[in-house]
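Residues in the sequence shown are numbered from 1 upward in steps of one, following UniProt numbering.
Even glycine gets a Cβ: it sits at the ideal position worked out from N, Cα and C.
First comes the structure, then the notes that go with it.
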Amino acid sequence: MKKGRLKIFFGYCAGVGKTFAMLEAAHQKSVQGVDVVIGYIEPHDRKETTDLIYGLEQIPKKKIIYRDRLFYEFDLDGALKRHPQLILVDELAHTNVHGSRHQKRYSDIEELLRAGIDVYTTVNVQHLESLHDIVESITRIKVNERIPDHVFDDADDVKLVDIEIDDLIERLKEGKIYHKQQAKRALEHFFIRDNLTALREITLRRCADRVNIVTAKQNQPFAKEHILVCIGSSPTNQKVIRTASRMAQAFHADFTALYVETSKSNNLSKKALAQLQSNLNLAKHLKADIVSTYGDDVAFQIGQYAKTSGVSKLVLGRSYQKPTLIKRSTIVDQLTMNAPNLEIYIIPDHRSTAQKKSVDLSKFIKFSLKETILALSIFLITTLLGFIFYEIHVNTTNIILLYVLASCFIGIVTYYPIYNLISTFLSIIAINYFFIDPRFTFNMSSSDYPFIFIVMFIVSISISTMAHKLKKENLLASIHAHSMDILLETSQNLQTSNSYQDIMNITCFQLYKMLNRIIIFYPVKNNTLQKPMIYGPHITSDIKREYINHKELAVAQWVLVNNKNAGVSTSTLPAAKGLYLAVRKKDNIFAVIGIAMEQGEDLAPYEKALLKAILNEIALAIDAIYKQESHNEMILKQQLNESLEHEDM
């Protein structure tokens, strides 16, 4: 199906005449014989705009009741059923009411375009995602409804709707934009002349940038720039991501967002995890390639990725550091040493402050019966050896060293540092009580012993901390190794598969092994979903009814038709019971896979990267099976034709 064309009427502010210009253009198309309908128009009680609505067919708005309130939304299904040549859908950046198929209206428009329907729409410059920080710094107003820049840049046509600032302010005073009371407030806040001048300048520049982007796509240079931005859990990271996106647009460069997963990643608070996911989603919306690496040395991981991936420019946020007597090495210093040829851009943010590190003690103060018995046994054996050494007149300093060794050993064999902390404290008490004169008291005969105990405590805790860090790094490395093992095992098994059914079985088994979640596999034949296969432990009839029903089938069908992901953690049909992904090679869809997930849940970055690689392997395997079947059919036909010719002779 031929994809529809998108035309955006673009302005620097509300009231410049975008909807009016769109309706005028629609009337001209209607006169030319084009089938034009209105999908959604927001007239804002403006008579000039309302008058232009007459004469054009309108699709009735969809009624949605949410929290005991009635909302009117654009009826996407009604538009697809009507299927006009051209449809008008106002306010591209609008957020749909809960219960709609898509969270954002631009996703509705993308579906219309995929269905072959041309779309006219409107948007203001403050709604572009990459310009959010700039607009907020100018107007001091946070714009919540935003669209990814690629929607604007990929439009087939952008018409700039401009008006002189004096004329705009006069229209506002006359009540042609807002009601008088609302207009008065607007003149005191958003519609300040300096704000409007800056927004108008940004709008003109953004239109010029789009022309350059389109030209660059048509004439791709041989050596492209590669912009890398680092993703973290800081709220100020979003400004860094938007700045990197604008740089990628300006340089017509490849754009990558890197998340370095460390041993502390599992200890992030719910708020930090939510912010991290928000930052990852922003980078994804701005068309960045999301990649992740593993390691506690963040600077080293960034430097290594930059070297191996040909990164030319790195964009970082300025991290706040409290002044100290000893100057500590910053991540920029470390990167300069690791990758001296890398251009590093530091983005300041006035909101950047020293982040309060809330330590969740419950993650460190944990006890298990096994480790408690193990630590207690080591302590008792050490104490017994101490008595033996004391009876054979071994120097007390050697007994102290024996307890230091025991504390270090406890730090190695137990996971949580609390065991080492307690054992060191008990060791100091035991040494003082049992082996230092006067014995069986807590008095010390020498002033040197307190210093020895302090050194003992520092050494034991330092070794225990390093051992704990090493364990976490080993755990991270084992997770990475396990992921690579699954990928290699999947690839090898798929290469030996002989049928579509074999591929289904291998896929379900490997994905369950990786994610430990119920997997639903919808085969696709002749562009139609077939009977699904559900895989997981203890699949009961209730579980089947939960994941295989009309609602879930509708999500899988949408993925098949639109060749995009849907379900949990996406902006399309997020109320589903799982995340649904297409197994595809370009525009050919071979299967739809569902992954059971809870509402509000999301896969980890490394799981997403691994899942993407596995789905690519599955697509290649199915494509190879189809090609082999086609080849076999062709050989059979040739043999049949030869046999028929032989009989005729």
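If you reduce the DSSP assignment to three classes, tell me which class Gln32 lands in. Here DSSP, grouped into helix, strand and coil, assigns Gln32 to coil.
Can you tell me where the beta strand (DSSP E) holding Ser407 begins and where it ends? No beta strand (DSSP E) contains Ser407, which is instead part of the alpha helix (DSSP H) from Thr396 to Val413.
Hey, Thr336 and Glu371: beta-carbon distance below 7 angstroms or not? Not a contact, by the Cβ cut-off of 7 angstroms.
Specify whether the stretch 135-155 and the stretch 176-195 touch according to this definition: at least 3 beta carbon pairs, one from each stretch, less than 8 angstroms apart. Yes, the stretch 135-155 is in contact with the stretch 176-195.
7 angstroms CB neighbourhood of Leu385 in its chain, flanking five on each side removed: Leaving aside the five residues that flank Leu385 on each side, the residues in its chain whose CB is nearer than 7 angstroms to its CB run, in chain order, Leu402.
Between Asp166 and the ligand SAH, is the CB less than 6 angstroms from at least one heavy atom? Ligands in the displayed structure: none, and consequently the ligand SAH is not present.
Tell me the residue span of the alpha helix (DSSP H) that contains Thr570. In this chain, Thr570 is not harboured by any alpha helix (DSSP H), its DSSP state being neither H nor E.
Judging by CA-CA distance, which residue of Leu342, Ala198 and Thr330 is the nearest neighbour of Val125? Minimum Cα-Cα distance from Val125 among the listed residues Leu342, Ala198 and Thr330 corresponds to Ala198.
Can you give me the start and stop residues for the beta strand (DSSP E) that Val592 sits inside? It spans Asn588 to Ala596 - the beta strand (DSSP E) in which Val592 sits, taken as one unbroken run.
8 angstroms Cβ shell around Phe409 - same chain, five flanking residues per side excluded: So the qualifying residues of the chain are Ile378.
Under three-state DSSP, which class holds Phe222? Bear in mind that a pLDDT of 45 at Phe222, under 50, signals an unreliable position, so the number given afterwards is only what the model happens to contain. In the structure shown, Phe222 adopts coil according to DSSP, grouped into three states.
Tell me, which residues are paired with Glu230 by DSSP? It is Cys, not Glu, that sits at residue 230 in the sequence shown. In DSSP, Cys230 forms a bridge with Leu258.
Does the Cβ of Gln599 have 16 or more other Cβ atoms within 10 Å, making it buried, or fewer, making it exposed? Exposed, by the Cβ-count rule.
Among Ala155, Asp333 and Leu131, which one has its Cα closest to the Cα of Tyr120? It is Ala155 whose Cα lies nearest to the Cα of Tyr120.
Buried versus exposed, by CB contacts within 10 Å (16 or more), His94: That one is buried.
Which one of Phe425, His480, Ala477 and Lys472 has the shortest CA to CA distance from residue 717? Lying before the first or after the last residue shown, residue 717 is absent from the chain, which here runs from 1 to 649.
Give the C-beta separation of Tyr535 and Tyr512 to the nearest angstrom, bearing in mind that I take them to be a contact with Cβ-Cβ under 8 angstroms. Right, their Cβ atoms sit about 6 angstroms apart.
Considering only their Cβ atoms, is the gap separating Lys18 from Val161 smaller than 7 angstroms? A contact, by the Cβ cut-off of 7 angstroms.
In the structure shown, what three-state DSSP assignment does Ser100 receive? Three-state result, Ser100: coil.
So, are the CB atoms of Ala582 and Arg517 less than 7 angstroms apart? Taking C-beta atoms as the reference points, Ala582 and Arg517 fail to come closer than 7 angstroms.
I'd like the span of the alpha helix (DSSP H) that includes Arg171, first residue to last. From DSSP, the alpha helix (DSSP H) with Arg171 extends over Ile165 to Lys173.
With distances taken between CB atoms, is the gap from Arg171 to Ile165 smaller than 7 angstroms? No, these two residues do not count as a Cβ contact at 7 angstroms.
For Gly594 and Asn341, I'd like the C-alpha separation in whole angstroms. Between the alpha carbons of Gly594 and Asn341 lies a gap of roughly 44 angstroms.
Phe255 to Lys608, Cα distance in whole Å? Taking the straight line from one Cα to the other gives about 18 angstroms.
Mind reading off the beta-carbon distance from Ser107 to Glu73? Whole number of angstroms is fine, and I expect it under 8 angstroms. Incorrect: roughly 13 angstroms between the Cβ atoms, too far for contact.
Measuring CB to CB, does Lys29 end up less than 7 angstroms from Asp157? For the 7 angstroms CB-CB criterion, Lys29 and Asp157 do not form a contact.
Is the separation between the beta-carbon of Gly39 and that of Leu70 shorter than 7 angstroms? Their beta carbons are not under 7 angstroms apart, which means Gly39 does not touch Leu70 by this criterion.
Inter-stretch contact at 8 angstroms, needing at least 3 Cβ pairs: the stretch 546-561 / the stretch 572-589: Because the criterion of three Cβ pairs below 8 angstroms is met, the stretch 546-561 and the stretch 572-589 touch.
Using CA atoms only, rank isn't needed, just tell me which of Lys585, Lys612, His631 and Pro605 is closest to Leu620. Looking at the Cα atoms, Lys585 is the closest of the given residues.
Taking DSSP as the reference, what is the three-state secondary structure of Tyr535? In this structure, Tyr535 counts as strand in the three-state DSSP scheme.
From the DSSP output, in three-state form, read off Ser269 for me. DSSP, read as helix, strand or coil, puts Ser269 in coil.
By the three-class DSSP mapping on this structure, what secondary structure does Ile344 have? Residue state, collapsed to three classes: strand.
With DSSP collapsed to three states, give me the class of Glu633. Here Glu633 sits in helix by DSSP.
For Pro523, which three-state DSSP category applies? Residue state, collapsed to three classes: strand.
Here's the rule I'm using: 16 or more other beta-carbon atoms within 10 Å means buried, otherwise exposed. How should Val211 be labelled? Taking a 10 Å sphere around the C-beta of Val211, we find fewer than 16 other C-beta atoms and assign the residue as exposed.
One question on the structure: do Tyr522 and Val568 come within less than 7 angstroms of each other, judged by their Cβ atoms? In this structure, Val568 does not lie closer than 7 angstroms to Tyr522 by Cβ.
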